[in-house]
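Heads up, the thing below is written out as structure tokens.
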Amino acid sequence: MAGAGAGLDVLVNNAGVSGRFVAPVDTTAADFVEVFGVNLLGPVRVTNTFLPLLRESADPRLVMVSSGMGSFAVTLDPDRIESTMHGLAYPSSKAALNMVTTMYAKSLPELSVVAVDPGYTATDLNARSGRQTVTEGTDAIVAACTAAGAPAMFFDRFGPVGW
Ligand SMILES: NC(=O)c1ccc[n+]([C@@H]2O[C@H](COP(=O)([O-])OP(=O)(O)OC[C@H]3O[C@@H](n4cnc5c(N)ncnc54)[C@H](OP(=O)(O)O)[C@@H]3O)[C@@H](O)[C@H]2O)c1
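Numbering of the sequence shown is given in the working numbering, commencing with residue 1 and proceeding in unit increments.
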């Protein structure tokens with residue numbers, strides 16, 4: 001998003017793929033290559049490309065679209081639907097993206113760097129099985145782009161999310 005001033009104000013790394021829906025033991029290294037290529041290396045490549053422009057902004061924000069599936073806290077919480085979902089490459093890629101987020105945040109104090117969980121949302125990613133509308137799913141992303149301050153380094157539309 002280009003603002004009134006110089007540079008780039010907000011970069012949202014949103015692109016993501018689920019990969020094949022197979023059990024962890026049936027997941028192959030090739031599955032990891034595909035999913036990590038988009039979900040982890042994609043944000044790193046795009047961030048590296050746009051970082052010089054972000055640094056020109058007066059209020060630069062870097063937003064990683066992560067997932068509750070990348071959270072140890074959420075996937076181990078029996079009250080969360082994510083704890084009933086099994087995978088390997090996708091959750092691992094989002095957990096890795098969360099670590100990339102915290103490391104960027106520490107090394108780029110001049111930027112606001114956050115990870116957001118859209119929540120389980122009806123999109124092509126899950127063949128529209130998600131429980132939230134797309135509008136609900138974008139709430140946390142929009143907040144990360146526009147709110148005066150983030151509620152946490154990792155949050156969803158309801159507030160902070162445990163790592
Ligand atoms: N839906 C959920 O329940 C949910 C929950 C938590 C997190 N998320 C995350 O939210 C983000 C958006 O997902 P979504 O639910 O909106 O899924 P989606 O409807 O499948 O959209 C995925 C988007 O990623 C783009 N994309 C995929 N591979 C790409 C590549 N190699 N290069 C460039 N763009 C690529 C797609 O572009 P094209 O349309 O051009 O293919 C599409 O715009 C993802 O990071 C996902 O992991 C989703």
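Each residue gets a CB set at the ideal place from its N, CA and C atoms; glycine is no exception.
Am I right that A95 and G70 are in contact with their C-beta atoms under 8 Å? What's the rounded C-beta distance?
4 Å
Does DSSP classify P52 as helix, strand or coil?
helix
Mark R45 as exposed unless 16 or more other C-beta atoms lie within 10 angstroms of its C-beta, in which case mark it buried.
exposed
Looking only at its own chain, which residues have a Cβ that is under 7 Å from the Cβ of A65, when we skip the five neighbours before and after it?
Here residue 65 turns out to be Val, not Ala, going by the sequence shown. Cβ within range, chain order: V12, N13, N14, G16, V116, P118 and I141.
Whole-Å CB distance - R61 paired with V100, under 8 Å assumed:
The pair is not a contact, with the Cβ atoms about 16 Å apart (cut-off 8 Å).
How big is the Cα-Cα spacing for D139 and T133?
10 Å
Contact under 9 Å by Cβ, M153 with T84
no
Under 7 Å Cβ to Cβ from T27, same chain only, skipping five residues before and after it: list those, please.
L88 and A89
Would the beta-carbon of L108 fall within 9 Å of that of F50?
no
Can you have a look at P43 and say buried or exposed, based on whether 16 or more other CB atoms are within 10 angstroms of its CB?
buried
Verify whether the separation of the beta carbon atoms of G162 and F72 is less than 9 Å.
yes
Just checking P118 against ligand 1 - is the residue's beta carbon closer than 8 Å to any of the ligand's heavy atoms?
yes
State the start and end residues of the unbroken alpha helix (DSSP H) segment that holds N98.
A89 to S107
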